[in-house]
Amino acid sequence: MRFLERQRHMTDQMFLVILFAVFAVCAFSLSMIGANIYSHTASVMNEDYEERIDISYVTEKIRQWDEKDSIEIGSFHGRTALIHTEKINGKKYNTYLYQEKGALRELMVREGLDTTTMQGEKIVAAKDFSVIETKQLYHIKIQGSDGKIYQNCVYRHSRN
């Protein structure tokens, strides 16, 4: 009789150990699935952020600067640049949007001052940047740090 009780008691303990092991495996699996989903979501959000921020920034600058004779596409130390010219307190200032050393940069300086491309504020990581104007339409093309090319077209309301 005692032998049957011991064996029954041992079977109950084994059942509990196996049940705990199954629970532990399920909990670990769910944690790994959750971590994988989080990692994928964070990666997609980062890609979307990079795509939206650089194109949106340049688009918004063009819209913000949309005044007669204030925007031109030119060169800044050998780099393609979007150049905005404005007068502040009677002095001319140029704002340059350009790509340098893996980043889209912006630099605002008084006209005639010596500058370098590294003085610009880093906006977002970018391998390449180009802007082409066709009539009143700006074609923006930015190659992100991931190598993907992002494009947008912006209509300019004012005319030069």
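So in the working numbering, the last spot in the sequence shown is 143, and the numbers never skip.
By construction, the Cβ of each residue, glycine as well, lies at the ideal position given by its N, Cα and C atoms.
Query, Result
"Distance CB(ALA109)-CB(LEU87) smaller than 8 Å", "yes"
"Three-state secondary structure assigned by DSSP to LEU96", "coil"
"Residue range of the unbroken beta strand (DSSP E) whose run includes GLU104", "104 to 117"
"Same chain, Cβ closer than 6 Å to HIS60, five either side skipped, listed in chain order", "THR100"
"Cβ-based burial, GLY73 [other Cβ within 10 Å; buried from 16]", "exposed"
"Cβ-based burial, HIS67 [other Cβ within 10 Å; buried from 16]", "buried"
"Cβ neighbour criterion (16 or more within 10 Å) applied to VAL114", "buried"
"Pairwise C-alpha distance: TYR40 and GLN119", "19 Å"
"Top-ranked residue by Cα proximity to LYS70, from MET91, GLY57, ARG62, LYS84", "MET91"
"C-alpha distance - LYS75 paired with ARG93, whole-angstrom precision", "6 Å"
"For ASP37 and GLN82, the rounded distance between their alpha carbons", "11 Å"
"Close Cβ partners of GLY85 (< 8 Å) along its chain, the five nearest in sequence each way excluded", "ALA108, ALA109, LYS110, SER128"
"Local Cβ density within 10 Å of VAL137, reported as buried at 16 or more and exposed below that", "buried"
"N-terminal and C-terminal residue of the beta strand (DSSP E) that GLY57 is part of", "54 to 59"
"Residue-level contact to chain C via CB, GLU116, 8 Å cutoff", "In the structure shown, chain C does not exist; there is a single protein chain."
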